[in-house]
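K.L.:
My questions all concern the structure below.
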Amino acid sequence: MSPKTLYDKIWDAHVAHEADDGTCLLYIDRHLVHEVTSPQAFEGLRMAGRKVRAPEKTIAVPDHNVPTTPDRVNGIENPESRIQVEALDKNAKDFGIHYYPVHDVRQGIVHIVGPEQGWTLPGMTVVCGDSHTATHGAFGALAHGIGTSEVEHVLATQTLIQKKSKNMKVEITGKLQPGVTAKDITLAVIGETGTAGGTGYVIEYCGEAIRDLSMEGRMTVCNMAIEGGARAGLIAPDETTFEYVKGRPHAPKGAQWEAAMDWWKTLYTDEGAHFDKVITLRGEDIAPVVTWGTSPEDVLPITATVPNPEDFEGGKVDAARRSIEYMGLEAGQKLSDVEIDTVFIGSCTNGRIEDLRAAAEILKGKKIKDGMRAMVVPGSGLVRLQAEEEGLADIFKEAGFEWRLAGCSMCLAMNPDQLQPGERCAATSNRNFEGRQGRGGRTHLLSPAMAAAAAITGRLTDVREMM
Amino acid sequence: MEKFDKVHGVAAPMPLINIDTDMIIPKVHLKTIKRSGLGVVLFDEMRYHEHGGENEEFVLNKPAYRNTEILVAGDNFGCGSSREHAPWAIKDFGIKVVISTSFADIFFNNCFKNGILPIVVEEEHHAILMDDAHKGENARMTVHLEDQKITTSDGVEIAFDIDPHRKHCLLNGLDDIGLSMEKEHHIDKFEDHASQARPWV
Chain A
1095 MSPKTLYDKI WDAHVAHEAD DGTCLLYIDR HLVHEVTSPQ AFEGLRMAGR KVRAPEKTIA
1155 VPDHNVPTTP DRVNGIENPE SRIQVEALDK NAKDFGIHYY PVHDVRQGIV HIVGPEQGWT
1215 LPGMTVVCGD SHTATHGAFG ALAHGIGTSE VEHVLATQTL IQKKSKNMKV EITGKLQPGV
1275 TAKDITLAVI GETGTAGGTG YVIEYCGEAI RDLSMEGRMT VCNMAIEGGA RAGLIAPDET
1335 TFEYVKGRPH APKGAQWEAA MDWWKTLYTD EGAHFDKVIT LRGEDIAPVV TWGTSPEDVL
1395 PITATVPNPE DFEGGKVDAA RRSIEYMGLE AGQKLSDVEI DTVFIGSCTN GRIEDLRAAA
1455 EILKGKKIKD GMRAMVVPGS GLVRLQAEEE GLADIFKEAG FEWRLAGCSM CLAMNPDQLQ
1515 PGERCAATSN RNFEGRQGRG GRTHLLSPAM AAAAAITGRL TDVREMM
Chain B
715 MEKFDKVHGV AAPMPLINID TDMIIPKVHL KTIKRSGLGV VLFDEMRYHE HGGENEEFVL
775 NKPAYRNTEI LVAGDNFGCG SSREHAPWAI KDFGIKVVIS TSFADIFFNN CFKNGILPIV
835 VEEEHHAILM DDAHKGENAR MTVHLEDQKI TTSDGVEIAF DIDPHRKHCL LNGLDDIGLS
895 MEKEHHIDKF EDHASQARPW V
């Protein structure tokens, strides 16, 4: 048998039908659902008189619209947001799918809840009407975002019409330097490939620096595979993965655990398997990075300066000019001189316990700059609870951060957490697009530790100076 | 779904690269529970001033491009979120074809589910089409799906590739779910097998 990549193995184990032209029906093991991209899909089912084929494999949680302030117990004020969440309440009930409503302590961002509850397991196919579904690839699960029509297709058939992508290997060799995190790895990779560099590929991340990451870190890396254009990102499961999964509410137990482990241990890329594209970065060469523009590929080490648009080529010249104007920056300006007024720590990229620990470590015993608006939005109710038990919440509050309830919050600003025009935010989220955090708002993407450092100094800051 | 055949209409140029789904439709318009009526907010933040009123500089607000049916866009069009509201807004505006040198994966898939034809062309052809789109209302482009051919206003013909299955579905206005449900016995068989092989799923 010819050697296979990890992607090949998971793909082959899920093909329910293959047509002559290679179009496949790929069986879906887990379908995650949130309130923004699902109402039209459920409506479609109703209109066609169809049911959810596998409700036991379908898990829903509201996250995008939910307010993160304590007064949310009184209901959602914005009528449109409320209607979307109520629609999910009703759809979950009518179609009999697993559901974590707003008031459940397990509620949170769908990509944090799935792994936390043990729904996401190695070797699975996982989809969600959300591009950051790539997160689940950290478990060696083939996971990707889909549109609402595809959500309806999966609800009705538990399959997705797919053609196989190409294989890309991204290897991060060696060790990371102090102050460098999973977020810096994933941004550095996008800086290397560009936001379209992964189009048509599934990426497998490997190498010593990836192996050394915790599950939280691996989720951060895979989360942003989509920002590099890839359909999915994968990391082969290992002891770190099994350790994380074991004992979670929906993880297999007893004899089923043993059977699962037998298969999971075969989920790696065979020696000599073919990759269509290979990218290698040295872990030692990766610095703490920030974005300067309005695309995740606009990334540079914190020690760098804002680039000159004329130094780019092709369409990137105009795009960089537009970005720098939108961001209110000047070519040649030191990134560490850029003053910020808002800090957002959270999102499916960096809203897990380890992220909060890293930020709290920098903030311990310190205060944020006067006038700074800073918030921590834990990725789930359980992350929030754990952070409170570990004393992290007190560190944040004493430093001057707002301590919020779980949700997507200011990552995409569908709820009341938004930037005003011209406001500048150091954000641990995943997109720095124009208007992403609020119309006219300016976003610099960075790691949780870097965000904490910026909150203290009031400007983009090299976290290594504070360690 | 409506059948897709041939489009003969105004093509608008949007040479900016990396036009993301937040630009195509900002999140404030994702709170709908319907698919319809989003055309009016297509490219919202580029198209309208912050406090209301149209931005006259924006291409689709110019008199020549108000009836655009074909968009010629810069590289990596549709990157970012999976929101199908993006193609819903494009379709609702009246745009039936988007041409670029590359598209983001999820957006590309979403187009086909909504009767929109996304066409990938080589850079040299893209330049010809972008020039043609700059000519305005009287210069109409033709996109012929059956023949897989784009014809510029001055008769230059450019061939394009498309996945045969997707072409078939667009030409015949076929509904994916209906097609897949015809293969239900294969799904049943797979489930039987998988529940033995991986009972923990």
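If you read the sequences in order, they're chains A and B. In case it helps, my numbering puts the first sequence at residues 1095 to 1561. In case it helps, my numbering puts the second sequence at residues 715 to 915. Glycine included, each C-beta is placed from N, C-alpha and C at the ideal position. These numbers come from a predicted model, not from an experiment.
How many angstroms separate the CA atom of L893/B from the CA atom of K776/B?
P.N.:
Approximately 41 angstroms between the Cα atoms of the pair.
K.L.:
Going residue by residue through the segment 734 to 765 of chain B, where are the continuous alpha helix (DSSP H) segments of at least 4 residues, counting only ones entirely within it?
P.N.:
Fully enclosed alpha helix (DSSP H) runs of 4 or longer: 735 to 738, 758 to 761.
K.L.:
Can you tell me whether M1544/A is buried or exposed? The criterion is at least 16 other CB atoms within 10 Å of its CB, across all chains shown.
P.N.:
Burial call: buried.
K.L.:
On the three-state DSSP scale, how would you describe N769/B?
P.N.:
N769/B: coil per DSSP, three-state reduction.
K.L.:
Taking only beta-carbon atoms, is M1262/A less than 8 angstroms away from chain B?
P.N.:
For M1262/A, the answer is no, since every Cβ of chain B falls outside 8 angstroms of its Cβ.
K.L.:
Which runs of the beta strand (DSSP E) at least 3 residues long sit entirely within the segment 1311 to 1372 of chain A? Give them in chain order.
P.N.:
Those beta strand (DSSP E) runs which fall completely within the segment 1311 to 1372 of chain A and span 3+ residues are 1326 to 1328.
K.L.:
For L744/B, go through chain A and note every residue whose CB falls closer than 7 angstroms to its CB, in chain order.
P.N.:
Within chain A, the residues near L744/B are V1130, M1508.
K.L.:
Quick check: I1396/A and L1270/A, are their CB atoms within less than 8 angstroms of each other?
P.N.:
No, the pair does not count as a contact, with Cβ atoms beyond the cut-off.
K.L.:
Would you please verify whether the beta carbon of G1273/A is less than 8 angstroms from any beta carbon of chain B?
P.N.:
Taking Cβ atoms only, chain B never reaches closer than 8 angstroms to G1273/A, which makes this a no.
K.L.:
For R1530/A, count the other beta carbons within 10 Å of its own beta carbon; 16 or more makes it buried, fewer makes it exposed. Which is it?
P.N.:
R1530/A should be labelled buried.
K.L.:
Report yes or no: do the segment 1226 to 1236 of chain A and the segment 1261 to 1275 of chain A share at least 3 C-beta pairs separated by less than 8 angstroms?
P.N.:
Flag = no, the segment 1226 to 1236 of chain A and the segment 1261 to 1275 of chain A do not touch.
K.L.:
Taking just the CA atoms, how far does L1126/A sit from L1328/A?
P.N.:
Straight-line Cα distance between these residues: approximately 18 angstroms.
K.L.:
Pull the bridge partners of T1374/A from the DSSP assignment, please.
P.N.:
T1374/A pairs with E1265/A.
K.L.:
Using only the alpha-carbon positions, how far apart do A908/B and T1522/A sit?
P.N.:
Roughly 39 angstroms between the two C-alpha positions.
K.L.:
Just grab the DSSP bridge partners of Y1193/A for me.
P.N.:
Paired residue(s): A1154/A.
K.L.:
If we count Cβ pairs, one from each stretch, closer than 8 angstroms, do we get three or more for the segment 1483 to 1494 of chain A versus the segment 1508 to 1527 of chain A?
P.N.:
With the cut-off at 8 angstroms, the segment 1483 to 1494 of chain A and the segment 1508 to 1527 of chain A do not touch.
K.L.:
Between E1171/A and chain B, is the shortest Cβ-Cβ distance under 8 angstroms, so that the two count as touching?
P.N.:
With 8 angstroms as the cut-off, E1171/A does not count as an interface residue toward chain B.
K.L.:
Taking 8 angstroms as the CB-CB cut-off, is M895/B touching chain A?
P.N.:
Judged by the 8 angstroms Cβ criterion, M895/B is in contact with chain A.
K.L.:
Would you mind working out which of G1422/A, T1251/A, H1111/A sits nearest V1432/A, comparing C-alpha positions?
P.N.:
Checking every option, the nearest Cα to that of V1432/A belongs to G1422/A.
K.L.:
Would V834/B count as contacting chain A if we go by Cβ distances under 8 angstroms?
P.N.:
No, V834/B lies away from the interface with chain A (no Cβ there is under 8 angstroms from its Cβ).
K.L.:
For T782/B and V721/B, what's the separation of their Cα atoms in angstroms?
P.N.:
In a straight line, the C-alpha of T782/B is about 11 angstroms away from that of V721/B.
K.L.:
Using only CA atoms, which one of S796/B, Q862/B, K881/B, A873/B lies nearest to G1223/A?
P.N.:
Of S796/B, Q862/B, K881/B, A873/B, the residue nearest in Cα terms is S796/B.
K.L.:
Which residue wins for smallest C-alpha separation from T1374/A, given the options E1496/A, E1302/A, S1259/A, D1364/A?
P.N.:
The candidate whose alpha carbon is nearest that of T1374/A is E1302/A.
K.L.:
On the three-state DSSP scale, how would you describe P1209/A?
P.N.:
P1209/A falls in the helix class under three-state DSSP.
K.L.:
Does the CB of M855/B have a neighbour CB from chain A at under 8 angstroms?
P.N.:
False, the Cβ-Cβ gap to chain A never drops below 8 angstroms.
K.L.:
Are at least three pairs of beta-carbons, each pair with one atom in the segment 1501 to 1512 of chain A and one in the segment 1437 to 1450 of chain A, less than 8 angstroms apart?
P.N.:
Counting Cβ pairs under 8 angstroms, three or more are found: they touch.
K.L.:
What's the gap between the Cα of T805/B and the Cα of E1559/A?
P.N.:
A quick correction: the sequence has Lys, not Thr, at residue 805/B. Rounded to the nearest angstrom, the two C-alpha atoms are 51 angstroms apart.
K.L.:
Beta-carbon of K1269/A versus every beta-carbon of chain B: anything under 8 angstroms?
P.N.:
No, no contact with chain B.
K.L.:
Under the rule that 16 or more other beta-carbon atoms within 10 Å means buried, what is S1096/A, buried or exposed?
P.N.:
S1096/A is exposed by the Cβ-count criterion.
K.L.:
Less than 6 angstroms between C-beta atoms, sequence neighbours within five positions excluded: which residues of the same chain meet that for G1241/A?
P.N.:
Hits under 6 angstroms: none found.
K.L.:
Under a three-way DSSP split, which group does K1277/A fall into?
P.N.:
K1277/A: helix per DSSP, three-state reduction.
K.L.:
Give every residue of the same chain whose Cβ lies closer than 6 angstroms to the Cβ of N1402/A, excluding the five residues on either side of it in the sequence, and list them in chain order.
P.N.:
Counting only Cβ-Cβ distances below 6 angstroms, and skipping sequence neighbours, we find A1425.
K.L.:
Compile a chain-ordered list of the residues in the segment 822 to 852 of chain B whose CB is closer than 8 angstroms to at least one CB of chain A.
P.N.:
Result list: N823, N824, K827, N828.
K.L.:
By alpha-carbon positions, which one of V1411/A, T1214/A, V1372/A, A1228/A ends up nearest to Y1338/A?
P.N.:
Selected option, being the one with the closest Cα: T1214/A.
K.L.:
Would the C-beta of C1502/A count as close to the ligand ADP, meaning under 7 angstroms from any of its heavy atoms?
P.N.:
Looking at this structure, you won't find the ligand ADP or any other ligand, since it has none at all.
K.L.:
Would you list the residues sitting across from H1111/A in a DSSP beta bridge?
P.N.:
H1111/A pairs with L1119/A.
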